[in-house]
Amino acid sequence: MKNQWAKNFTLIAAISAGFILNGCSTTVKRLDSGEVTDLSGEWNDTDSRLVSEEMIRDVLSRPWINRFISENGNRPAVIVGGIRNLSHEHMNVATFINDIERELINSGEIDFVASKLERGEIRDERKDQELNASNETAKQMGQEYGADFMLKGSINTILDSIDDEQVRFYQIDLNLISLADNRKVWAGQKKIKKLIEKSAFRL
Numbered sequence: 267m268k269n270q271w272a273k274n275f276t277l278i279a280a281i282s283a284g285f286i287l288n289g290c291s292t293t294v295k296r297l298d299s300g301e302v303t304d305l306s307g308e309w310n311d312t313d314s315r316l317v318s319e320e321m322i323r324d325v326l327s328r329p330w331i332n333r334f335i336s337e338n339g340n341r342p343a344v345i346v347g348g349i350r351n352l353s354h355e356h357m358n359v360a361t362f363i364n365d366i367e368r369e370l371i372n373s374g375e376i377d378f379v380a381s382k383l384e385r386g387e388i389r390d391e392r393k394d395q396e397l398n399a400s401n402e403t404a405k406q407m408g409q410e411y412g413a414d415f416m417l418k419g420s421i422n423t424i425l426d427s428i429d430d431e432q433v434r435f436y437q438i439d440l441n442l443i444s445l446a447d448n449r450k451v452w453a454g455q456k457k458i459k460k461l462i463e464k465s466a467f468r469l
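FYI, in the numbering used here the residues of the sequence shown are 267 to 469.
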């Protein structure tokens, strides 16, 4: 009798373990990087890409760029400065900055200057070339292209919630500032509003 009980217990334990293992298994599905996904309602890669595309289209369509070209005879050089995360969320702002830089560079309408961090690394390389590269191939110090404008901005959020519903409001503000005289030549703003409904868990 005891042996039968032990066999039954072992069988039940094995079945239970199988259910537990199946319940804890991980499923991975590959998605297209351009596919819109919104799981938590928080700022994500889709928001970053769409906002950067729309805002850069706007900044490049405004009068400042044609005015600069007519006055100086060349395309403006732009650098992206800091974009502050003033929202309640932890965001990877670097991804948003990279999206903005990509849109600016690929537009072909401006010259783009490397960031402060990138310039430091490049300057170290030039110093190394002064010592180790041939005179014919070494790049000289003091020949950098200075930026004409800096793009700066911030991301803010407002939350409004009741029971199982929440509205998340995002406001992205970007300003293009002349490095020569601190004039703001463009101010852009993008707003995103998301309604998040959370259903209660029921057995």
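Idealized CB from N, CA, C, for every residue including glycine.
Here the structure is a predicted model, which is why all the values come from computation and not from measurement.
Inset, instruction - Round the Cβ separation of I371 and F378 to the nearest angstrom and send it over; I've been treating them as touching at under 8 Å. - result: 5 Å
Inset, instruction - Please determine, among E410, V433, Q409, I421, the residue with the shortest C-alpha to C-alpha distance to H356. - result: Considering only alpha carbons, the answer is I421.
Inset, instruction - Work out the CA separation of K456 and D311 for me, nearest whole Å. - result: 16 Å
Legend entry - Closest residue to S444 among G412, S291, K393 (Cα-Cα distance): Nearest of G412, S291, K393 to S444, Cα basis: G412.
Inset, instruction - For V317, I'd like the list of residues in its chain whose CB is within less than 7 Å of its CB, leaving aside the five on either flank, ordered along the chain. - result: I438, K456
Legend entry - Limits of the unbroken beta strand (DSSP E) element including E463: 450-463
Inset, instruction - Flag this pair as touching only if the segment 343-355 and the segment 415-434 have three or more C-beta atom pairs under 8 Å; answer yes or no. - result: yes
Legend entry - F435 vs K464 beta-carbon contact at 7 Å: no
Legend entry - Contact set for T361: own chain, Cβ-Cβ below 6 Å, skip 5 residues either direction: S314
Inset, instruction - Would you list the residues sitting across from N422 in a DSSP beta bridge? - result: Q437
Legend entry - Close-in-space but distant-in-sequence residues of the same chain around I331 (CB under 7 Å, 5 per side omitted): P342, E375
Legend entry - Selection from F415, N398, S400 that minimises the alpha carbon distance to S381: Checked all of F415, N398, S400; the closest Cα to S381 is F415.
Legend entry - Which of helix, strand or coil DSSP assigns to Q409: coil
Inset, instruction - Kindly identify the DSSP beta-bridge partner or partners of A343. - result: D377
Inset, instruction - Use the C-beta contact count for D365: other C-beta atoms within 10 angstroms, 16 or more gives buried, fewer gives exposed. - result: buried
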